[in-house]
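S.K.: Got a structure for you, questions after.
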Amino acid sequence: MHLQLNVRREVLFLFLYIFLSNMALINEGATQGYSAVVLPILMSNTSSLTLNKMEILFFASTVAITPLIGSFICLITMHYGRRCTMIVCGVNFSLGWLLIASSYNVAQLFIGRVLTGISIGLASPSIEIYLAEISIPAWREFATITPNIGVSVGVLLVYFLGFVAQNNWRLIAAFFVIPSITLVLCNIFFLRESPMWLLLKGRKEAAKIALLQIRGLFQETIEFQEEFTKMVNYNASTNDLEMSENCQIDSSLTTETGKKSFLTNTSNKLKNIKRIILLPEVWKPIVILNFFFFFQRFSGTYVIIYYCVDIISRLNITIDPFLITVIVGIIQVTLNIISACCSMRIGRRSISIVSGTGMSISLGVLAVYLQFFEYTGIVAVPLICILSYVVRK
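Add 37 to a position in the sequence shown, counting from 1, and you land on the number used in the numbering used here.
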């Protein structure tokens with residue numbers, strides 16, 4: 038009975054950490070979906086700030102380009118801890134949303150948009166790594182899927198706010214300062230640093246305390262000790278590998294004065310990295326995953342998210358396009374939750390195959406309709422195609 042209570046408590050604390058960490062992903066989804074509800078307003082003459090066609094394209098595409106900058110910044114901040122990266126991400130999101138909400142000129146609007154776009158590059162890697170490192174082994178697969186749910190919740194929220202607060206794009210932007218600040222405060226006062234990162238830095242005792250707090254335990258249990266021992270052993274094996282590689286490099290890196298040659302050291306490290314990358318167990322997963330994500334990103338997902346209202350309006354669908362976007366958002370959240378639950382049983386590969394096949398059929402039918410039957414007045418067909426595409430996405 039005591040063991041069951043501990044396990045339940047550990048899972049509850051894990052879910053709490055997942056929820057709080059995903060504040061960053063909610064912001065990511067909101068940033069992606071923001072253009073869908075805002076562009077129709079900024080293109081109209083009723084808005085206090087209007088954009089021309091080129092500015093509209095820049096506004097929408099910025100958050101697809103600037104995450105690359107955030108990813109490079111993430112490489113730097115991750116050396117100072119996962120929490121540090123999440124704090125920087127939250128502060129960046131807060132500044133971006135505040136600039137957008139208070140902007141009365143195009144330059145300020147774009148600066149805010151760029152900041153939120155950079156934050157996307159900070160959010161995704163740091164949150165996914167953090168959740169993978171702190172999760173209970175039995176729940177790790179589920180925990181690493183929840184960022185998709187967080188993003189879809191953010192998209193749903195911004196769609197919903199676009200529906201209930203139409204023409205008030207500043208209020209919508211101001212709302213998302215709340216999860217941004219919440220992320221910062223939670224990381225400062227509640228969330229603990231990743232035990233794996235602490236072990237990597239040689240802080241074993243701090244790692245044990247952090248894991249104890251993450252699991253919501255007041256004292257060590259047998260299960261806790263076993264889990265922590267596995268962490269320590271894994272970290273030790275990783276360090277041993279690095280030390281053996283460094284010894285091989287350092288053996289020939291001494292000058293006449295006994296000091297290391299910086300250029301030779303750098304050259305050998307680059308050669309070592311190249312050697313590791315060329316290992317089949319390294320380059321094959323990299324190639325497969327990059328191709329997978331490449332085709333996933335180019336499958337039209339972001340076109341639907343960024344231009345949902347505009348697309349629905351151009352299809353001559355008589356239903357309020359803002360209402361349809363809310364329905365699209367609800368479908369996304371629901372299906373992401375179902376996908377997260379199913380992946381633990383049937384695997385992600387099967388889900389990906391079904392998803393890709395369904396998306397291809399939906400887009401194919403929509404393309405044929407727009408090419409040959411656009412003016413027939415059968416508005417149900419494009420609506421069904423869009424909803425079907427979202428379901429399979």
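All C-beta atoms, glycine included, are put in the ideal place defined by N, C-alpha and C.
None of the values given here were measured: they were computed from a predicted structure.
1. For Phe212, which option in Tyr406, Met396, Ile63 has the closest C-alpha, if you only look at C-alpha atoms?
2. By alpha-carbon positions, which one of Glu411, Gln203, Thr303, Val416 ends up nearest to Ser84?
3. Can the beta-carbon of Leu132 be found less than 8 Å from the beta-carbon of Leu112?
4. So, does the segment 334–350 touch the segment 161–174, judging by three or more C-beta pairs under 8 Å?
5. So, Gly154 versus Pro104, is the Cβ gap smaller than 8 Å?
6. Could you pull the start and end residues of the alpha helix (DSSP H) that Gln408 belongs to?
7. Please name the residue in Asn205, Ala169, Leu424, Arg177 whose C-alpha comes closest to that of Glu230.
8. Taking 8 Å as the cut-off, decide whether the C-beta atoms of Met123 and Asn224 are in contact.
9. If you scan the segment 50–103 from start to end, which runs of the alpha helix (DSSP H) of 4 or more residues do you find wholly inside it?
10. Measure the C-alpha to C-alpha separation of Val418 and Asp357 and round it to an integer number of angstroms.
11. Can you tell me whether Ile313 is buried or exposed, with buried defined as 16 or more other CB within 10 angstroms of its CB?
12. Drop a sphere of 10 angstroms on the beta-carbon of Leu220, count the other beta-carbons inside from all chains shown, and report buried for 16 or more, exposed for fewer.
13. Considering only the alpha carbon of each residue, which of Phe261, Val74, Ser399, Thr394 lies closest to Thr248?
14. With C-beta atoms as the reference, is Val405 less than 8 Å away from Asn353?
15. Enumerate in chain order the residues of its own chain whose CB-to-CB distance from Leu86 is below 8 Å, with the five nearest sequence positions on each side excluded.
16. Within the chosen definition, does the segment 184–196 reach the segment 360–369 through at least 3 CB pairs nearer than 8 Å?
17. So, is Thr292 buried or exposed, given that buried needs 16 or more other C-beta atoms within 10 angstroms?
18. From the DSSP output, in three-state form, read off Ile124 for me.
19. For Phe50 versus Arg177, is the C-beta spacing smaller than 8 Å?
20. Can you give, in chain order, each stretch of the alpha helix (DSSP H) that sits fully within the segment 182–237 and has at least 4 residues?
21. Tell me whether Trp234 is buried or exposed, calling it buried when 16 or more other Cβ atoms sit within 10 Å of its Cβ.
22. DSSP on Glu293, reduced to helix/strand/coil?
23. Determine the contact status of Ala210 and Ala138, defining contact as a CB-CB distance below 8 Å.
M.R.: The answer reads as follows:
1. Ile63
2. Gln203
3. no
4. no
5. yes
6. 385–409
7. Ala169
8. yes
9. 60–79, 90–102
10. 16 Å
11. exposed
12. buried
13. Correcting the residue type first, residue 248 is Leu in the shown sequence and not Thr. With distances taken between Cα atoms, Leu248 lies closest to Phe261.
14. no
15. Leu79, Ser140, Tyr141, Asn142, Val143, Leu146
16. yes
17. In this predicted model, Thr292 has a pLDDT of only 44, less than 50, meaning its place in the structure is not dependable; the value taken from the coordinates is given anyway. Answer is exposed; the Cβ neighbour count stays below 16.
18. helix
19. no
20. 206–212, 214–226, 232–237
21. buried
22. Its pLDDT being 42, under 50, Glu293 is placed unreliably in this model, and the coordinates cannot settle the point.
23. yes
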